[in-house]
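So the sequences go chain by chain: A and B.
According to my numbering, the first sequence is numbered sequentially starting from 1.
According to my numbering, the second sequence is numbered sequentially starting from 1.
Built from N, CA and C at the ideal position, the CB exists for glycine as well.
Computed from a predicted structure; not experimentally measured.
Taking it in order: structure first as structure tokens, then the write-up.
Number of protein chains: 2
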Amino acid sequence: MLNKSTIKYIQSLQQKKFRDEHGCFVAEGPKLVLELIDGRSFECEAVFALPAWIQSNHDRFRELPATSLHEIQKHELDRIAAYASPNEVVAVFRKKTETPPVPCQGLCLLLDDIRDPGNLGTIIRSADWFGVNQIICSEQTVDMYNPKVVQSTMASLGRVNLYYTDLLHWIGQNPGCQVLAATLDGTAPEDIPKSDPTALIIGNESAGVREALINASQGKVTIPRLGMAESLNAATAAAVLLYAFTVGR
Amino acid sequence: MLNKSTIKYIQSLQQKKFRDEHGCFVAEGPKLVLELIDGRSFECEAVFALPAWIQSNHDRFRELPATSLHEIQKHELDRIAAYASPNEVVAVFRKKTETPPVPCQGLCLLLDDIRDPGNLGTIIRSADWFGVNQIICSEQTVDMYNPKVVQSTMASLGRVNLYYTDLLHWIGQNPGCQVLAATLDGTAPEDIPKSDPTALIIGNESAGVREALINASQGKVTIPRLGMAESLNAATAAAVLLYAFTVGR
């Protein structure tokens with residue numbers, strides 16, 4: 001049985017302000033919740049699930065205090081879940097303690113004001129696929145704990161480290177890193193000499209990479225265009241560049 | 001001034017049933033509407049726009065009968081627009097007459113039940129970027145005239161031809177085409193000999209490519225995984241494969 005204040009608390013975590021205040025975020029759905037618990041990147045604070053689901057997954061929660069495991073009814077789940085049914089479980093996890101970014105090794109991504117949560121989620125998942133585990137985000141980039149980001153990353157959220165900082169400052173602090181801005185008028189990836197470490201800047205969905213960041217970069221990279229489209233979706237461009245700078249090398 | 005039946009008609013085009021019945025679809029926003037008009041792939045049936053916008057874009061509608069250009073007020077626009085403001089224009093276009101697919105030349109995509117409209121829109125835009133102008137969709141794939149698809153393709157919708165048909169049948173009719181299914185256990189693109197024409201099958205977001213289609217293919221292709229993510233987003237995988245099979249060759 002869920003009391004009103006718990007319902008209000010979980011609902012409040014849909015908003016960044018309250019996620020920051022409580023240091024927590026929400027994940028939904030059997031697959032994602034179990035993957036995040038198994039991944040151990042985030043401490044699980046509480047699980048709210050239907051009785052049948054808890055029964056069949058009980059052994060996955062051995063390390064969770066019994067008081068954190070809540071059996072709830074379908075109508076209660078519907079009140080705390082933000083995503084469409086069929087759903088069976090909602091869990092609250094603690095955000096990771098923010099640690100300063102480590103120097104870029106191999107390849108990393110810099111995100112300049114990615115605003116769409118679906119795009120950020122997809123970029124995190126693609127980075128995880130191509131073995132890139134560090135993403136530096138501008139302070140205006142959408143929050144990594146936004147529920148839509150969490151749901152679209154699948155469990156990659158626990159395996160890729162995201163840092164929010166001033167990108168110009170980061171570039172200044174990493175003089176040994178080849179920084180390349182993804183633009184529409186640059187060099188094809190295959191014509192850029194391999195250099196390690198390399199950071200690729202992916203720009204905002206409408207405005208692209210800011211002029212100041214382009215100027216602070218060592219060069220511009222463009223995915224060759226063979227057809228007529230004006231641009232690629234930001235998450236798509238990030239994935240193609242990740243491929244071109246890893247497997248494609 | 002918009003009458004009730006016009007409002008109802010435009011709203012009805014949000015649903016496939018009525019788009020099929022009327023042979024029309026809706027596009028919104030200055031950029032998209034102007035691009036579709038200039039692209040001439042779709043006949044424009046009517047434009048509903050704010051007076052100021054019509055005034056500053058009047059020369060773009062020279063070929064449109066004056067009776068098809070409707071000045072409306074903001075509160076009327078809000079009733080017929082499905083997307084968030086700021087918006088200035090909603091237009092109704094005629095769907096293209098469906099013509100049977102031409103034999104695959106170069107590279108084409110086969111979509112096996114892509115259900116998310118955002119994914120289909122992104123795939124169309126990526127195909128247009130990489131110069132691939134034919135996409136064969138399974139009958140269960142989301143409608144190309146779904147408003148979310150239309151809004152996310154930008155004007156690529158007019159430059160890429162989509163056909164809805166039985167994919168197994170299509171493969172049977174195209175014996176000279178190398179068909180490759182995108183799966184998680186196939187060969188890397190760089191290890192597959194170049195063959196022209198080639199068709200790449202992109203599978204459903206959850207289920208992947210159907211077994212029957214894999215069996216009907218000449219092989220399986222997989223984007224090499226260097227990290228830990230379980231899979232890539234379908235639209236992302238399509239874009240990376242389009243790159244690998246065009247620029248990457």
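Self-check item: Close beta carbons around Ala81(A), own chain, < 6 Å, minus the five adjacent residues each side
Solution: Glu28, Asn87, Val90
Quiz item: Any contact of the region 219-239 of chain B with the region 120-136 of chain B, i.e. 3+ C-beta pairs under 8 Å?
Solution: yes
Quiz item: From this set, Leu167(A), Thr153(A), Leu110(A), which residue's C-alpha is nearest Gly118(A)'s C-alpha?
Solution: Thr153(A)
Practice problem: Run the CB neighbour count on Thr67(A), radius 10 Å, all protein chains shown included, and call it buried at 16 or more, exposed below. | Solution: exposed
Self-check item: Per-residue burial, Gly172(B) [other beta carbons within 10 Å of its own, 16 or more giving buried]
Solution: exposed
Exercise. Kindly indicate if chain A contains any beta-carbon less than 8 Å away from that of Thr122(B).
Key: yes
Quiz item: Of all the CB atoms in chain A, is at least one closer than 8 Å to the CB of Val102(B)?
Solution: no
Quiz item: Smallest Cα separation from Cys108(B): which of Thr99(B), Phe93(B), Gly131(B), Val92(B)?
Solution: Gly131(B)
Quiz item: When Cβ atoms are compared, which residues of the region 223-241 of chain B fall closer than 7 Å to chain A?
Solution: Ile223, Pro224, Arg225, Leu226, Gly227, Met228, Ala229, Glu230, Leu232, Asn233, Ala235, Thr236, Ala239, Val240
Quiz item: With 16 as the cutoff for other CB atoms within 10 Å, does Met144(A) come out buried or exposed?
Solution: buried
Quiz prompt | Inter-residue Cα distance where the pair is Glu45(B) and Gly39(B) | solution = 15 Å
Self-check item: N-terminal and C-terminal residue of the beta strand (DSSP E) that Ile136(A) is part of
Solution: 134-137
Quiz item: Under the rule that 16 or more other beta-carbon atoms within 10 Å means buried, what is Gln73(B), buried or exposed?
Solution: exposed
Quiz item: For the alpha helix (DSSP H) that His169(B) lies in, which residues bound it at each end?
Solution: 167-173
Practice problem: Would you mind reading off the limits of the alpha helix (DSSP H) that contains Glu205(B)? | Solution: That residue, Glu205(B), is in no alpha helix (DSSP H); it is neither H nor E in DSSP.
Quiz prompt | Members of the region 122-137 of chain A that neighbour chain B once the beta carbon cut-off is set at 8 Å | solution = Thr122, Arg125, Ser126, Ala127, Asp128, Trp129, Phe130, Gly131, Val132, Asn133
Exercise. Compare the C-beta of Ala182(B) with all C-beta atoms of chain A and state if any pair is closer than 8 Å.
Key: no
Quiz prompt | Own chain partners of Ile7(B) with C-beta closer than 8 Å, once the 5 adjacent residues on each side are dropped | solution = Glu76, Arg79, Ile80
Self-check item: Anticipated Cβ contact below 8 Å, Leu167(B) with Asp128(B), distance rounded
Solution: Rounded, the Cβ-Cβ distance is 21 Å, inconsistent with contact.
Exercise. Can you grab the Cα-Cα spacing for the pair Gly186(B) / Ala234(B), in whole Å?
Key: 16 Å
Quiz item: Got a sec: is the Cβ-Cβ distance from Met154(A) to anything in chain B below 8 Å?
Solution: yes
Practice problem: May I ask you to list the residues that DSSP assigns as paired with Gln11(B)? | Solution: Note: Gln11(B) sits in no beta bridge, so no partner.
Quiz item: When you compare each of Thr141(A), Cys137(A), Gly106(A) to Asp116(A) by their alpha carbons, which one comes out closest?
Solution: Thr141(A)
Quiz prompt | Selected residue, minimal CA-CA separation from Ser206(A), among Ala199(A), Asp20(A), Glu230(A) | solution = Glu230(A)
Quiz item: Given that a residue counts as buried once 16 or more other Cβ atoms are within 10 Å of its Cβ, and exposed if not, what is Tyr243(A)?
Solution: buried
Quiz item: chain B partners of Thr246(A), CB-CB under 7 Å?
Solution: Leu226
Quiz item: Any chance the region 174-182 of chain A sits against the region 146-164 of chain A, with 3 or more Cβ pairs inside 8 Å?
Solution: no
Exercise. Taking Lys16(B) as part of the beta strand (DSSP E), name the residues at either end of that continuous run.
Key: Premise fails: Lys16(B) lies in the alpha helix (DSSP H), 16-22, not in any beta strand (DSSP E).
Quiz item: Apart from the five residues just before and just after Ser12(B), which ones in its own chain have a Cβ nearer than 7 Å to its Cβ?
Solution: Phe18
Quiz item: How long is the line joining the alpha carbons of Phe25(A) and Ala188(A), rounded to whole angstroms?
Solution: 39 Å
Exercise. Anything in the region 66-87 of chain A with a Cβ closer than 8 Å to a Cβ of chain B? List those residues in chain order, please.
Key: none
Exercise. Please list the segments of the beta strand (DSSP E) lying wholly inside the region 30-59 of chain B, counting only runs of 3 or more residues, in order along the chain.
Key: 44-49
Quiz item: Name the chain A residues that come within less than 9 Å of Arg40(B), Cβ to Cβ?
Solution: Ordered by position in chain A, no residue passes the 9 Å Cβ test against Arg40(B), which lies about 13 Å from the chain.
Practice problem: Determine the contact status of Ile202(B) and Ile136(B), defining contact as a CB-CB distance below 8 Å. | Solution: no
Quiz item: Can you pull the DSSP bridge partners for Thr198(B)?
Solution: Leu107(B), Gln178(B)
Practice problem: Kindly indicate which three-state DSSP category Glu98(B) falls into: helix, strand or coil? | Solution: coil
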